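Offset between the sequence shown (1-based) and my numbering: plus 636.
Accompanying notes for the structure given below.
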Amino acid sequence: HRSTAVTATVQLPGKDPMEVVEVVEASRLLKETIERNHDVKLRLGGIAVFNNAFLEASQNDMMTLMPAMYLVILVVTYLMIRSIYATAMVVLIIVPSITFAMGFGGWIGVGLTPPSASAPTVITTLAVADSIHFLVTMFQRMKAGHSQRDSIIYSLSVNGKPIFLTSITTAVGFLSLNFSDSPPFHDLGNITAAGVMAAWLFSVMLLPILMSFVTVKPRETLGFLNNYMGKMGEFISSKYKAVLLVSIFISVLVTAAITRNEINDDFLKYFDEDITFRADTDWISQNLTGLNQIQFDMQSKKPNGISDPVFLNKLERFANWARNHEVVTNVQSITDVFKRLNRDLNGGDVEFYRIPENRELSAQYLLLYELSLPFGLDLNNQIDIDKSSTQVIVTIDDLTTNQIKAWISEAETFLENELGMDTVAAGPTVMFSYIAERNIQGMLWGTLYAVLIISGIILIALKDVRLGLLSLVPNILPAA
């Protein structure tokens, strides 16, 4: 035996979002101190470290991936419009759009979480798209011989309505995230919707003003693409029946595979193997136990009921049932304490390593044990104050969410049918196992409402029911 585990139960007040960070930083400091003074290797795992890893991964992405993304966007933008000044103006649209959105999030009290931290990326995409629409049309107009001022006015008149429709429908789509059961997705939807509308406002008001202050030369923008799109348009117009049939065939073929989708997840695999948390968790899972802990609130439904041998024997049956499963690595139950006390107070005789036979003896054992514990090491993490209920904690291997849900269902069925206990599983592992399914169910309703609202907006804008309904096809089909 070369390895062992030390488990610390952390009770966070829930008042400060930085509480988890403080706990993990203190744990790392303690780890470094121990490793520096002793010849041991420590690894950190658990839900607190898991939550902190999400935040750190998001922060690292913002420091590395986002600058790289902006660099690529600037290079591609320049290649498309061939103007340093115009490219700089695009940046001046992106920055205030993101600033407005994040400031809006701050005013409404949104905390920066991994989902909401991705909002700037989405906002940047829409801000660039709005700006490119305006600039490409402006340069094409100037290339045709018109003045810069007339080209700005023309581009705004041509693109104003499409940019607005794109922005408002995108905002509606992101607002539908409020139907999710996960509050961070609400934050993502609200921040992004605010940023998208800010990008629209800046692209139709600020961008034309900025372009009026600089003098740019007519540029050939996307000439090769215009030629290609023109030829493709001619081909589709002449072969529209064949194109339609092929499109329908491909769409049906691909959409038929939708039944093969399944809601399944392995949230520990969210992190790359070179991330410390992932490496430590993999090692702990392979050598000690898994991160997944499932808690069962076992209620006797009467004060001091946990000392009742009938109740304790039910707990023991469930604990033994759980231990017989290959995926279970550890079971923590108050019955182990009672059995040890019964053995030790009978001269260490292994024959007494069992549940005490009467309630009074069990209560005396429990009282004696609690009085002998030093301060801070009581049983409040296992039993409630009036000793009417206790929790059984089952640790299982690192499984997918479908496997975890299947085991939970089997456990709850055993508790109800075999022991007559109406007990449901709880804990972070249970929450993560069901959250994807709950989110998808909620967002399906959100998507339905979003499609209805977007359809109404498009119908009003186009003033043609047939065109409005037809425009929904290229919007819905990619999702299918």
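Where a beta carbon is used, it is the ideal one built from N, C-alpha and C, also for glycine.
Small disclaimer: the values here were computed from a predicted structure and weren't measured.
Going straight from the alpha carbon of Leu997 to that of Thr971, what length do you get?
14 angstroms
Using the three-state DSSP reduction, which class does Met934 fall into: helix, strand or coil?
strand
If you draw a straight line from the C-alpha of Leu1105 to the C-alpha of Ser1091, how long is it?
A straight line joining the alpha-carbon of Leu1105 with that of Ser1091 spans about 7 angstroms.
For Ser783 versus Ala763, is the C-beta distance shorter than 7 angstroms?
no
Apart from the five residues on each side of it in sequence, which residues of its chain come closer than 7 angstroms, Cβ to Cβ, to Trp1081?
Phe815
I need the straight-line Cα distance from Pro750 to Pro756, nearest angstrom please.
12 angstroms
Exposure of Glu952, with buried meaning 16 or more beta-carbon neighbours within 10 Å:
buried
Residues that Val1028 bridges to, as DSSP identifies them:
Phe932
Does the region 930 to 938 touch the region 1018 to 1032, meaning 3 or more C-beta pairs lie closer than 8 angstroms?
yes
What are the start and end residues of the beta strand (DSSP E) that includes Val964?
964 to 968
Spatially closest choice to Ile788 from Trp836, Arg672, Thr965, Val840, by CA coordinates
Ile788 has its Cα closest to that of Val840, out of Trp836, Arg672, Thr965, Val840.
Can you tell me which of Phe907, Thr965, Ile1044 puts its alpha carbon nearest to the alpha carbon of Asn696?
If we check each option's Cα against that of Asn696, Phe907 comes out closest.
Tell me which residues share the same chain as Lys938 and place their Cβ nearer than 7 angstroms to its Cβ, disregarding the 5 neighbours each side in the sequence.
Ser1024
What three-state label does DSSP hand Ala644 in the structure shown?
Correct three-state label for Ala644: coil.
Taking the alpha carbon of Ile683 as the point to measure from, which residue in Ile872, His961, Asp916 has its own alpha carbon closest?
Nearest of Ile872, His961, Asp916 to Ile683, Cα basis: Asp916.
Proximity below 7 angstroms, CB of Trp836 to CB of Ser793
no
So, is Arg1102 buried or exposed, given that buried needs 16 or more other C-beta atoms within 10 angstroms?
Result: exposed.
In three-state DSSP terms, what is Ala607?
Residue 607 falls outside the range modelled here, since the chain spans only 637 to 1116, and no answer is possible.
From the DSSP secondary-structure annotation, give me the bridge partner or partners of Ile1019.
Thr1026
Cut-off 8 angstroms between Cβ atoms - residues of its own chain near Asn994, not counting five sequence neighbours on either side
Pro945
Assuming the contact rule is C-beta atoms closer than 8 angstroms, Val746 and Ser752 should be a hit. Round their C-beta distance to whole Å, please.
6 angstroms
So Phe974 and Leu948 are in contact, right, with Cβ under 8 angstroms, and what is the actual spacing, rounded?
6 angstroms
Does the separation of the CB atoms of Ile729 and Phe810 fall below 7 angstroms?
No. Outside cutoff.
Which whole-angstrom value is the C-beta distance of Ile1071 and Asp817, which I expect to be below 8 angstroms?
7 angstroms
Burial state of Trp1043 (16 or more Cβ within 10 Å)
It is buried - the Cβ of Trp1043 has at least 16 other Cβ atoms within 10 Å.
Report all residues from its chain with a CB closer than 8 angstroms to the CB of Val660; omit the five preceding and five following residues, and keep chain order.
Leu680, Ala684, Val685, Asn688
Which word fits Lys797, buried or exposed, when buried means at least 16 other C-beta atoms lie within 10 angstroms of its C-beta?
Lys797 is exposed by the Cβ-count criterion.
Straight-line Cα distance separating Ile1076 from Ile768:
33 angstroms
If you drop the 5 nearest sequence neighbours on each side, which residues of the same chain put their C-beta closer than 7 angstroms to that of Pro986?
A quick correction: the sequence has Val, not Pro, at residue 986. Taking C-beta separations shorter than 7 angstroms and ignoring five residues to either side along the sequence, the partners of Val986 in its chain run Arg979, following chain order.
Taking C-beta to C-beta, are Phe903 and Phe690 nearer than 7 angstroms?
no
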